[in-house]
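Undergrad: Structure incoming, see below.
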Amino acid sequence: MASLLHRLGLLAARRAKTILAAWFAVLAIAVTSFLTFGGQLTDQITLPDLETTEVADRLVEEMPDAGGGSATAVIQAEDGTFTDEQISAISDLAEEVEADSAVHSVTDPFATEQELADGRAEIDDASQELQDGEDQLSDARAEAEEGQEELDANAAELESGQEQLDEAIEEAEDAGAYEAMAEQFEEQQAEIDAGREGLDEAQQQIDEGNEEIESSASELESGREELERNESMLELSEQAGMVSEGDDAAIMMITFNDPLENVGTEELASVSDLLLDADIDGVEVLPSGDLNMELPHLFSVAEAVGLMIAAVVLLIMLGTFVGAGLPLLNALIGVGVGVAGALAFSGVVEMMSMTPILGLMLGLAVGIDYSLFILHRHRRQLKSGMKLHASIGLANGTAGNAVVFAGATVVIALLALNVTGLPFLALMGTVAAVCVVIAVLVAVTVTPALLSLVGTRILNRREKRRAGRGSGATVTEPMSTPKAVVIAVGAVAALAILAIPTFSLRLGLPDASSDPEDSTSYQAYHVTEESFGQGMNGPLVVVADLPEAMDDDAATDEQIAIAEALGDQDRIDYAVPIGLNDDNSVAAFQMVPTDGPASVSVEELVHDIRDGVLLDGSDVSDVELSVAGFTAANIDMSDVISDAMPLYLALVVGLSVVLMIMVFRSLLLPVIATLGFIGSVTAALGAVVAVFQWGWLGSLFGITEPGPVLTFLPVITIGILFGLAMDYQLFTASGMREAYVHGAPARLAVRQGLHLGRSVVTAAALIMGSVFGGFIFTPDPMIASIGLALSVGVLLDAFVVRLLLVPALLHLAGPAAWWLPKWLDRIVPDVDVEGSALEREVPEAQGHDAEQETRETSPAKG
1186 MASLLHRLGL LAARRAKTIL AAWFAVLAIA VTSFLTFGGQ LTDQITLPDL ETTEVADRLV
1246 EEMPDAGGGS ATAVIQAEDG TFTDEQISAI SDLAEEVEAD SAVHSVTDPF ATEQELADGR
1306 AEIDDASQEL QDGEDQLSDA RAEAEEGQEE LDANAAELES GQEQLDEAIE EAEDAGAYEA
1366 MAEQFEEQQA EIDAGREGLD EAQQQIDEGN EEIESSASEL ESGREELERN ESMLELSEQA
1426 GMVSEGDDAA IMMITFNDPL ENVGTEELAS VSDLLLDADI DGVEVLPSGD LNMELPHLFS
1486 VAEAVGLMIA AVVLLIMLGT FVGAGLPLLN ALIGVGVGVA GALAFSGVVE MMSMTPILGL
1546 MLGLAVGIDY SLFILHRHRR QLKSGMKLHA SIGLANGTAG NAVVFAGATV VIALLALNVT
1606 GLPFLALMGT VAAVCVVIAV LVAVTVTPAL LSLVGTRILN RREKRRAGRG SGATVTEPMS
1666 TPKAVVIAVG AVAALAILAI PTFSLRLGLP DASSDPEDST SYQAYHVTEE SFGQGMNGPL
1726 VVVADLPEAM DDDAATDEQI AIAEALGDQD RIDYAVPIGL NDDNSVAAFQ MVPTDGPASV
1786 SVEELVHDIR DGVLLDGSDV SDVELSVAGF TAANIDMSDV ISDAMPLYLA LVVGLSVVLM
1846 IMVFRSLLLP VIATLGFIGS VTAALGAVVA VFQWGWLGSL FGITEPGPVL TFLPVITIGI
1906 LFGLAMDYQL FTASGMREAY VHGAPARLAV RQGLHLGRSV VTAAALIMGS VFGGFIFTPD
1966 PMIASIGLAL SVGVLLDAFV VRLLLVPALL HLAGPAAWWL PKWLDRIVPD VDVEGSALER
2026 EVPEAQGHDA EQETRETSPA KG
């Protein structure tokens, strides 16, 4: 590889303009492809094959009308309560928004309140009608009872008359006078029989009346049950009122035709613009965060400041404007090709807005650093008297070889993000890896070309005058052992203290409370919290499986029972039925917790629902519940990342150890370096927890409200910092190894190697820290937290771990630091990262290399 890069460097130096023209052509193609084929970016995180997604998909399947995504707009009266004119204007606004082609329906809060009021009035009227009917039924029953009593009395009178007639007939027969009185007896019997017929008819009428009464009673009972059912549903719905108790705030619900993640940014912006452009006197309309999908800018003032700081560092280190500008130009070409090329695929691949920004962030940092490594080696060789083209080729074959190796470690760590199982995170890692690959290619082609064009202007006047004379700098004594102990203890203590907040790490996705204070999403969040409660900012969707073979009334009763049981829980404000599928087997509820979406209690609530213990002890404890929503998605993502973290850490740490054994042919150094990497990562995460979760220095970093740390930040931080840590370890420890192999005592070799590589590592770390640090002040909290983690991590890893802790521990270890078992030494491939073999092969390097080695490694005489 070193020989190939040497030849490539010489070719680029001789064909400098051709190389640059080729890269500018590639850049033009990438930009043109982006402009032609690029699609829309999104801030929505798609989570396939997770429980939240499965619940949401099932809900759409069971209740197609529930498939559209929803967003809200908060409407606030600026002076007191809403007036009739304002209410009318808000209703007109709702109709205007509903007319948008992307919108399925809009819930007018005041129309909904009126419907609830009308429903309450109808229930009151129906209740009165039922009461009147029951009163009438009671009167009818009383009349029927009186009629029955009168009928029974008449029947008794007839029976008494019949008995008297029978006695009279018997007496007449005994007296032999029956014949004379027969006609009279027959007339009396006929009257009695006629009376009986009348009584039978009256009894039939009474029986029919009683049947009608019982039928009416049954109807009234059914009506009473229906009324109670409707009243229970109304009471549940009234809890979810869209107008505040003070009548000074309202929530407009906007339902789209498609799920929210499928609604385009332009369509969301169109709806948001309609709301923001509403000119209602005395009313402020605040679209929620779901509608404010303004994507972060790829490049802003904060990043420009970071680049300016990097330029200043380069100018101080290199001493010329030409030298300072060269790495910056390399980096800009690299990120231009990488980011534009990635964005060209955004039309066919769903890509988060953070994906190209991460590529930009990392591409700028490594693009500057990789070019600087080659540039630094070239300048050192020029100052020792080497010819221009020979120096360019050798620098590309030696430092360029190290750049390729360093870039490969970063790429492997980033591609390993695919093991997390989260497509959006895998795509982030892949795009960032591509940007790093391009940065490496630019470094080993464009850098030699530019060095050829600028010639010796890469050196300042003083350096030109002293070229070939040597600097006279010597390192003849190792550091003192007590100093090494103090440094090691101090470095470990510093990392441990900074890592303390990591034990309080809570993962999640930022909500609107972390948006800038002047954003409508932030204002909408807090108006909602103040007027409707914290939980209204993060409602959950609960799906319940109902018992089979339930009719409509039984299913509704079960819905009510479940909603009431949910509402009775301490951590739940209320639950409202929002849907029932066609066969009454699945019911859906909107559940509003008492606390906000980022709270621990809501996280525990979701776990209790999924564990099936939330409704234990209630009348519906046998109902199986599932849940979806913002917090549920957070938990799912955290679980997936937590499950993947051991494998990912094993890959990264294992790769770290194996690579460093190959490069440094040592067992102890890889272990020390890897533990140092873990320490710097943990300390960086501690800084993020302190700032973003605890709110320390929040005003300085623009943190409006502390909250959980970005769910996937630890994985991203580990992946990127691993590669960068290996870069710094390579450029410090390779010099130590080289000095030791050439005969320097172990402890002296540590100091000599550190002396050789510290300037470039210092500059590289300051540059990376500046570039990453520029992203801390972006308004997007996700990008800002990643910027802080990477900036702090890079600076700690370079200055505390690589330049202090590792050299101190290697000094204390002495010769044991370079021990490798013979059997392992035989099977481990010899990776000549620094291109030592090439230096022995290139004639131009012989004298200069020996002179440089003598100045930097030989003990002083006398």
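Read left to right, the sequence shown gives residues 1186 to 2047 (the working numbering). The C-beta atom is built at its ideal place from N, Cα and C for all residues, glycine as well. Computed from a prediction, not measured in an experiment: that's the story for all the values here.
Using three-state DSSP, classify H1289 as helix, strand or coil.
TA: In this structure, H1289 counts as strand in the three-state DSSP scheme.
Undergrad: With burial defined as no fewer than 16 other Cβ atoms inside 10 Å of the residue's Cβ, what is the status of L1832: buried or exposed?
TA: Burial call: exposed.
Undergrad: Using the beta-carbon count (16 or more within 10 Å), is F1688 buried or exposed?
TA: By the neighbour-count rule (16 or more Cβ atoms within 10 Å), F1688 is not buried but exposed.
Undergrad: Using the beta-carbon count (16 or more within 10 Å), is F1717 buried or exposed?
TA: Buried.
Undergrad: Is the region 1883 to 1892 close to the region 2011 to 2018, with three or more CB pairs under 8 Å?
TA: Contact fails: fewer than three Cβ-Cβ distances are below 8 Å.
Undergrad: Tell me the start and end of each unbroken alpha helix (DSSP H) in the region 1604 to 1678 that is at least 4 residues and wholly inside, in chain order.
TA: Within the region 1604 to 1678, the complete alpha helix (DSSP H) runs of at least 4 residues are 1608 to 1639 and 1646 to 1651.
Undergrad: At what residues does the beta strand (DSSP E) containing M1438 begin and finish?
TA: Taken as a continuous stretch (DSSP letters only), the beta strand (DSSP E) holding M1438 covers A1434 to F1441.
Undergrad: Could you say which of L1692, M1438, G1839 and K1202 lies nearest to P1782 if we only look at CA atoms?
TA: Nearest option by C-alpha distance: L1692.
Undergrad: Which residues in the same chain as A1601 place their Cβ atom closer than 7 Å to its Cβ, once the five residues preceding and following it in sequence are excluded?
TA: Result list for A1601: Y1833, L1836, V1837 and G1904, in chain order.
Undergrad: Please name the residue, chosen from S1955, A1210 and D1730, that lies closest to I1518 on a Cα-to-Cα basis.
TA: The shortest Cα separation from I1518 among S1955, A1210 and D1730 belongs to A1210.
Undergrad: Within the same chain, show all residues whose beta-carbon is closer than 7 Å to that of L1336, passing over the 5 residues directly before and after it, in chain order.
TA: Closer than 7 Å at Cβ, skipping near neighbours: L1384, A1387, Q1388 and I1391.
Undergrad: What ranges does the alpha helix (DSSP H) occupy inside the region 1914 to 1985, keeping only unbroken runs of at least 4 residues that lie completely in it?
TA: Counting whole runs of 4 or more residues, the region 1914 to 1985 contains the alpha helix (DSSP H) stretches 1931 to 1959 and 1966 to 1980.
Undergrad: With a CB to CB cut of under 6 Å and the five nearest residues on each side skipped, what residues in its chain are close to E1358?
TA: Around E1358: no qualifying Cβ.
Undergrad: Buried or exposed for W1208, please, with buried defined as at least 16 other CB atoms from any protein chain shown within 10 angstroms of its CB.
TA: When all chains shown are included, W1208 counts as buried.
Undergrad: Could you check what DSSP says for S1538 in three-state terms: helix, strand or coil?
TA: Coil at S1538, not helix or strand.
Undergrad: May I ask which residues mark the beginning and end of the alpha helix (DSSP H) holding A1262?
TA: It is not in any alpha helix (DSSP H) - A1262 instead sits in the beta strand (DSSP E) that spans S1255 to A1262.
Undergrad: Using DSSP with H/G/I as helix, E/B as strand and the rest coil, what is G1723?
TA: It is coil, neither helix nor strand.
Undergrad: Which residue or residues does DSSP assign as beta-bridge partners of Q1271?
TA: For Q1271, which the question treats as bridged, DSSP gives no partner whatsoever.
Undergrad: Mind checking P2000: buried by the 16 CB within 10 Å criterion, or exposed?
TA: Burial call: exposed.
Undergrad: Under 8 Å, do Q1271 and I1465 count as touching if we go by C-beta distance?
TA: Yes. Within cutoff.
Undergrad: If contacts are defined as beta-carbon pairs under 8 Å, then S1457 and P1444 qualify, I think. What distance do you get, rounded to the angstrom?
TA: That belief does not hold up - the Cβ atoms of S1457 and P1444 are roughly 18 Å apart, past 8 Å.
Undergrad: From the DSSP output, in three-state form, read off P2006 for me.
TA: Here P2006 sits in coil by DSSP.
Undergrad: With burial defined as no fewer than 16 other Cβ atoms inside 10 Å of the residue's Cβ, what is the status of A1362: buried or exposed?
TA: Exposed: under 16 other Cβ atoms inside 10 Å.
Undergrad: Can you tell me whether A1598 is buried or exposed, with buried defined as 16 or more other CB within 10 angstroms of its CB?
TA: Per the 10 Å Cβ criterion, buried.
Undergrad: Would you give the residue range spanned by the beta strand (DSSP E) that S1569 belongs to?
TA: Counting along the chain, S1569 falls outside any beta strand (DSSP E), and DSSP gives it neither H nor E.
Undergrad: Is the beta carbon of A1187 sitting closer than 8 Å to the one on A2022?
TA: In contact: A1187 and A2022 (Cβ atoms closer than 8 Å).
Undergrad: Give a yes or no on contact between the region 1632 to 1650 and the region 1960 to 1974, applying the rule of three or more CB pairs nearer than 8 Å.
TA: No, because fewer than three Cβ pairs between the region 1632 to 1650 and the region 1960 to 1974 fall closer than 8 Å, the two stretches do not touch.
Undergrad: Which word fits E1788, buried or exposed, when buried means at least 16 other C-beta atoms lie within 10 angstroms of its C-beta?
TA: E1788 should be labelled buried.
Undergrad: Whole angstroms is fine: what's the gap from G1394's alpha carbon to A1329's?
TA: One C-alpha to the other measures close to 7 Å.
Undergrad: What does DSSP give as the partner residues of F2050 in its beta bridges?
TA: Nothing can be reported for residue 2050, as the shown portion of the chain is limited to 1186 through 2047.
Undergrad: With a threshold of 16 other CB atoms inside 10 Å of the CB of F1222, please say whether the residue is buried or exposed.
TA: Label assigned to F1222: exposed.
Undergrad: Using 8 Å as the Cβ pair cut-off and three pairs as the minimum, do the region 1794 to 1813 and the region 1672 to 1681 touch?
TA: The answer is no - the region 1672 to 1681 does not touch the region 1794 to 1813, with fewer than three Cβ pairs under 8 Å.
Undergrad: Measure from the alpha carbon of P1724 to the alpha carbon of each residue in S1698, A1365, G1640 and V1761, then state which is nearest.
TA: Ranking the options by Cα distance to P1724, first place goes to V1761.
Undergrad: What residue does the beta strand (DSSP E) around P1472 start on, and which one ends it?
TA: Run containing P1472: V1468 to P1472, per the beta strand (DSSP E) assignment.
Undergrad: I believe S1865 touches D1982 by the beta-carbon criterion, under 8 Å. Please report the beta-carbon distance rounded to the nearest angstrom.
TA: Yes, S1865 and D1982 are in contact; Cβ-Cβ is about 4 Å, under 8 Å.
Undergrad: Return the CA-CA distance between T1641 and K1649, expressed in angstroms with no decimal places.
TA: About 8 Å.
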